[in-house]
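Enquirer:
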Amino acid sequence: MFPVGGVGVMLLGIALAGVPCLALVAVLRRRTGSRWAWSLGLLLWSLATIGFLTLIPADGAPGVVYADERYYNSCSFDYGGPAPEGFWIVSGGQRLLNAVVFVPSGALLVLVLARWRSARWTIPVGLLGLGLVSVAIEATQQVLARLDRSCDVTDVVDNLSGAAIGVLVGLALLPVVRPWRR
């Protein structure tokens, strides 16, 4: 049984995930400069936030959910998904939340990778990596019935769209933040 769940657990996990990220920033600041250290710490925290939002049962601990008794027994490849009309956190619906949650990761990815000359190819590879994170989340939601979540290809598309928007935001922020400077 998966003994925890709900919005409170998600928020607690997100807050606690910030502690090691702050410690990492404190350690790296002197060696790499504050801007880059903060970019890396916030990128890792944004990825942890995505994990808590997507891999914790949404409505509290569901108890035992057997794989053969769950509502969706396979991943939905129908674009629009099983719950397109709304979600419980953002009034714009689940699809908006799926995109918005990946925007910070995309922007921070650019700020972290722009430090090196290889950023021209590492940023697209990093964007692909964020897409793979989304695929891994959906696969985990499908395999672990106890999460009481549904696997949906629409989520992957929305997540990757949000990450791409984040990359554009990060590119716009580069001249302002200049993470390569101390």
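180 is the number that full-length UniProt numbering gives to position 180 of the sequence shown; each next residue is one higher, with no gaps.
All C-beta atoms in this analysis are idealised placements derived from N, C-alpha and C, irrespective of residue type, glycine included.
Remember, predicted model here, so these are calculated numbers, not experimental data.
(1) Can you look up D148 in the DSSP assignment and give me helix, strand or coil?
(2) Looking only at its chain, what residues have a beta carbon closer than 8 Å to the beta carbon of I56, apart from the 5 residues adjacent to it on each side?
(3) Could you compute how far the alpha carbon of T122 sits from the alpha carbon of L160?
(4) Distance, Cα to Cα, L111 vs L171?
(5) Rounded to whole angstroms, what is the Cα-Cα separation between S118 and D59?
(6) Determine the direct distance from the alpha carbon of A114 to that of L40, and round the result to whole angstroms.
(7) Going by beta-carbon coordinates alone, are S105 and L47 separated by less than 8 Å?
(8) Can you find the residues in the same chain that come closer than 7 Å, C-beta to C-beta, to F87, ignoring five residues on each side of it along the sequence?
(9) Assign P57 to one of three DSSP states: helix, strand, or coil.
(10) For a test of the three-state rule: what should DSSP assign to S118, helix, strand or coil?
(11) Following the continuous alpha helix (DSSP H) through V9, name the residue where it begins and the one where it ends.
(12) V157 by DSSP, collapsed to three states: which one?
(13) For A163, which of helix, strand or coil comes out of DSSP?
(14) If I follow the unbroken alpha helix (DSSP H) through R95, where does it start and stop?
(15) Taking buried to mean at least 16 other C-beta atoms within 10 Å of its own C-beta, is R149 buried or exposed?
(16) Could you spell out the range, first to last residue, of the alpha helix (DSSP H) harbouring V104?
Expert: Working from what's here:
(1) coil
(2) V4, G5, G6, V9, M10, G13 and L147
(3) 16 Å
(4) 8 Å
(5) 43 Å
(6) 11 Å
(7) yes
(8) Unreliable placement is indicated for F87, whose pLDDT of 45 sits below 50; the coordinate value is still reported in the next sentence. Answer for F87: G93, Q94 and L97, listed in chain order.
(9) coil
(10) coil
(11) Following the DSSP letters along the chain, one finds V9 inside the alpha helix (DSSP H) bounded by residues V7 to T32.
(12) helix
(13) helix
(14) Q94 to V100
(15) buried
(16) Note that residue 104 corresponds to Pro in the displayed sequence, not to Val. Run containing P104: V103 to L113, per the alpha helix (DSSP H) assignment.
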